[in-house]
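Structure first, then comments.
Protein chains: 2
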Amino acid sequence: MDSLTMRKPDDFHVHYRVLPMLRAVLGYTARVFGRSMAMPNTVPPIRTASDAEDYRVLLGVYNKWKHEVFMAIKLLASTTPEIIREAYLAKVIAGKVYPVGVTTHSDDGISDFRQQWPNFAEMEELGMMLSLHGEMPGVFVLDRELRFLNVLEEIATAFPRLKIVLEHVSTADAVDYVWRNSPDNVAATITVHHLVLTLDDLIGGMLRPDHFCKPVVKTPADRMALVMAATSGNPKFFLGTDSAPWSRKDKECAEGCAGVFSAPVALPLYAQVFEQAGALDKLEAFASEFGAQHYGLPLNEGTITLAREPWEVPQSYNALVPLYAGRIIDWKVEE
Amino acid sequence: MDSLTMRKPDDFHVHYRVLPMLRAVLGYTARVFGRSMAMPNTVPPIRTASDAEDYRVLLGVYNKWKHEVFMAIKLLASTTPEIIREAYLAKVIAGKVYPVGVTTHSDDGISDFRQQWPNFAEMEELGMMLSLHGEMPGVFVLDRELRFLNVLEEIATAFPRLKIVLEHVSTADAVDYVWRNSPDNVAATITVHHLVLTLDDLIGGMLRPDHFCKPVVKTPADRMALVMAATSGNPKFFLGTDSAPWSRKDKECAEGCAGVFSAPVALPLYAQVFEQAGALDKLEAFASEFGAQHYGLPLNEGTITLAREPWEVPQSYNALVPLYAGRIIDWKVEE
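Protein chains in written order, with the numbering used here: chain A, 1 to 335; chain B, 336 to 670.
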């Protein structure tokens with residue numbers, strides 16, 4: 001195959017941050033994806049309808065592409081059903097739970113999941129998505145996702161009409177739960193970096209801050225389970241890059257920040273993973289259909305074409321180191 | 336207990352590097368330990384009697400303490416039994432195997448362990464110690480030590496009089512093998528950082544280059560097995576810090592170097608670990624007897640006293656970040 005033309009994909013999990021980072025990174029997603037969902041763990045966080053409105057306006061100023069950004073709010077201990085309702089009326093499509101301390105800017109995250117139940121009930125009623133960073137605080141880093149599955153199951157069972165996304169699944173355990181044991185209201189996003197990296201790439205050779213993210217990349221068996229899920233054609237798994245830019249100063253320091261900047265390489269690299277798994281025919285559904293279907297959104301109208309030609313990923317974009325910097329990818333977005 | 340006076344300990348595994356680093360770090364070990372064994376993976380490596388002589392002289396120039404440094408040579412594909420013999424005659428007490436690519440300066444390491452057997456036979460004959468970085472190249476990072484145990488067992492069985500040290504054990508599997516299944520000629524060193532750190536301290540929060548070492552720190556269960564082994568009174572486990580200094584520039588960068596600089600805090604921190612395990616009475620044997628016995632050396636003559644008083648570890652020593660920088664340790668070396 002020389003090229004692949006597919007429906008414009010959606011990225012249901014991306015970090016644009018605030019200015020000046022936002023200006024530097026928005027285009028890498030907006031040029032390729034038809035729509036995206038912006039994560040609300042900015043500084044300051046996006047907590048309310050008003051915050052979301054401000055952020056939408058800010059993105060609009062710099063969004064020169066035919067690209068729509070969906071808003072989410074960060075659920076905090078102070079969030080109320082009224083705040084949820086107002087956000088929904090302001091076209092916020094999701095509320096995101098960050099368990100306390102498990103990732104970037106989560107010091108104000110949730111420690112008591114039960115305390116959020118009135119909010120979940122309101123979201124269920126309104127048809128607003130619950131987006132979960134699925135890691136249990138205080139647990140050994142490699143076990144956090146597994147231990148969170150009980151919380152997920154409890155929520156999914158208590159609110160059977162609440163639509164839920166378990167974001168950036170990273171373990172075979174989570175894949176197995178979502179695939180075989182979760183109710184219909186649960187789906188999961190899979191990042192491209194979790195499809196191509198393991199702990200070997202983070203700590204197996206020299207220490208690689210560019211491969212440090214949360215949830216951390218895991219074992220070869222976990223990676224293979226993720227590839228299997230992504231390429232299976234099961235609509236419970238869809239694309240969310242969790243592209244998370246940091247300056248080199250924030251990554252290469254005494255306390256490095258978590259996040260992989262994958263936006264510029266995401267779609268070609270997903271294509272490479274799918275092709276290597278013999279499942280290129282499943283890419284379009286994973287990237288452009290299953291997410292929209294779970295969110296209850298129409299599919300994108302336009303198309304995008306990937307050329308099958310070796311592409312050497314630049315060492316940096318606007319001084320940001322991308323995933324696969326300097327490496328060759330078998331696919332390239334056609335301009 | 337207000338203080339603990341014990342026989343001068345030995346550190347059978349320490350990295351002094353070359354100048355100017357050597358000058359900056361030697362004293363932190365030499366002030367506290369009666370003797371130490373210097374690792375030979377310097378740049379350039381210590382491969383021969385002549386290299387070892389030069390390194391011994393260099394150390395002698397800067398060694399202003401009542402402290403003896405033992406020499407080891409690095410076993411390479413080019414090492415011959417004659418090289419071994421000459422080294423032995425030059426008072427080199429150990430030959431060290433670095434499997435290729437598993438740690439700092441191991442690109443010239445061993446890929447074919449069988450090829451070393453003539454050297455092992457010579458070392459067995461002479462009574463020279465085989466020191467092993469026990470990780471299997473090419474294997475997933477968390478499984479490397481486990482997979483190396485087969486190699487260790489093969490060597491230990493083929494050369495029953497060859498004395499072997501499995502350095503810096505990091506897993507419950509290695510502890511279990513050494514403790515319950517290894518022949519008499521096998522012992523192991525345990526670093527202080529593997530006794531206090533897990534992957535949570537490396538990748539569980541922010542990325543911490545100061546906690547990055549090889550073998551990488553592992554799970555809570557692994558750490559507990561190491562504490563149990565160190566504090567057990569089993570003479571197969573003894574002290575080797577693997578203190579490995581790097582400049583902040585080498586640690587906090589795009590490809591960070593592996594090594595924890597523990598020399599300034601090692602003995603007080605071992606004491607804290609032993610006390611917390613209710614085994615302070617086992618510290619002296621672990622630190623000052625079992626190693627010397629395995630190496631066939633007399634015990635040190637002098638003593639050292641640790642005061643039981645809170646000690647805040649400095650943020651850096653000569654611009655090097657030590658283990659537990661800025662933290663309080665319950666014990667302090669009395670000057």
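From the three backbone atoms N, C-alpha and C, an ideal C-beta is built for every residue, glycine too.
Using a Cβ cut-off of 8 Å, pull out every chain A residue sitting near residue i, in sequence order please.
i	result
ALA507(B)	Simply none; closest approach about 14 Å.
GLU457(B)	In chain order: nothing, as chain A lies at least about 32 Å away.
PHE547(B)	ILE203, LEU207
Would residue i and residue j qualify as a contact pair, given that the criterion is a beta-carbon distance under 7 Å?
i	j	result
HIS211(A)	LEU199(A)	no
LYS426(B)	PRO375(B)	no
THR191(A)	ASP242(A)	yes
VAL186(A)	ALA156(A)	yes
PHE12(A)	GLY259(A)	no
PRO580(B)	LEU658(B)	no
PHE159(A)	GLU122(A)	no
PRO99(A)	ILE110(A)	yes
GLU145(A)	ALA174(A)	yes
LEU132(A)	LEU162(A)	no
LEU280(A)	PHE274(A)	yes
ARG23(A)	TYR55(A)	no
PHE455(B)	VAL486(B)	no
SER505(B)	PRO550(B)	yes
LYS8(A)	ILE304(A)	yes
LEU574(B)	PHE621(B)	yes
ASP51(A)	ARG308(A)	no
SER36(A)	THR29(A)	yes
Going along chain B in order, which residues have a C-beta closer than 7 Å to the C-beta of residue i?
i	result
ASP200(A)	PHE475, VAL476
Over what stretch of residues does the beta strand (DSSP E) that includes residue i continue unbroken?
i	result
SER3(A)	3-7
VAL165(A)	164-166
ARG496(B)	Counting along the chain, ARG496(B) falls outside any beta strand (DSSP E), and DSSP gives it neither H nor E.
ARG35(A)	35-38
LEU465(B)	464-467
Taking the alpha helix (DSSP H) that residue i falls in, what are its first and last residues?
i	result
ARG327(A)	Careful: ARG327(A) lies outside any alpha helix (DSSP H) and carries neither H nor E.
ALA174(A)	172-176
VAL608(B)	601-611
LYS584(B)	583-586
ILE203(A)	Careful: ILE203(A) lies outside any alpha helix (DSSP H) and carries neither H nor E.
ILE418(B)	416-424
GLU284(A)	283-288
Which chain B residues sit within Cβ distance under 9 Å of residue i?
i	result
VAL216(A)	LEU534, ILE538, GLY539
Based on DSSP bridge pairs, tell me the residues matched to residue i.
i	result
ASP143(A)	None, per the DSSP bridge assignment.
LYS409(B)	LYS431(B)
PHE455(B)	Answer by DSSP bridge pairing: none, since PHE455(B) is not bridged.
VAL186(A)	ILE164(A)
TYR652(B)	LEU655(B)
SER441(B)	For SER441(B), which the question treats as bridged, DSSP gives no partner whatsoever.
VAL396(B)	Paired residue(s): none; VAL396(B) is not in a bridge.
ILE304(A)	MET6(A)
VAL333(A)	LEU306(A)
VAL527(B)	DSSP output for VAL527(B) lists no bridge partner at all.
LEU574(B)	ILE525(B)
GLU403(B)	ARG370(B)
GLY256(A)	LEU542(B)
What in chain A is Cβ-close to residue i, meaning under 9 Å?
i	result
THR554(B)	PHE140, LEU142, ASP143
Would you identify the three-state DSSP class for residue i, choosing helix, strand or coil?
i	result
HIS348(B)	strand
LEU197(A)	coil
LEU361(B)	helix
GLY568(B)	coil
GLU647(B)	strand
GLY291(A)	helix
ASP112(A)	coil
GLU135(A)	coil
PRO45(A)	coil
VAL552(B)	coil
SER385(B)	helix
Give the interface partners of residue i over in chain D, defined as CB-CB distance under 9 Å, in chain order.
i	result
GLU587(B)	The chain labelled as chain D is not found among the protein chains of the depicted structure, namely A and B.
If you measure from the CB of residue i, is any heavy atom of the ligand SAM nearer than 6 Å?
i	result
LYS409(B)	No copy of the ligand SAM occurs in the structure displayed, which carries no ligand at all.
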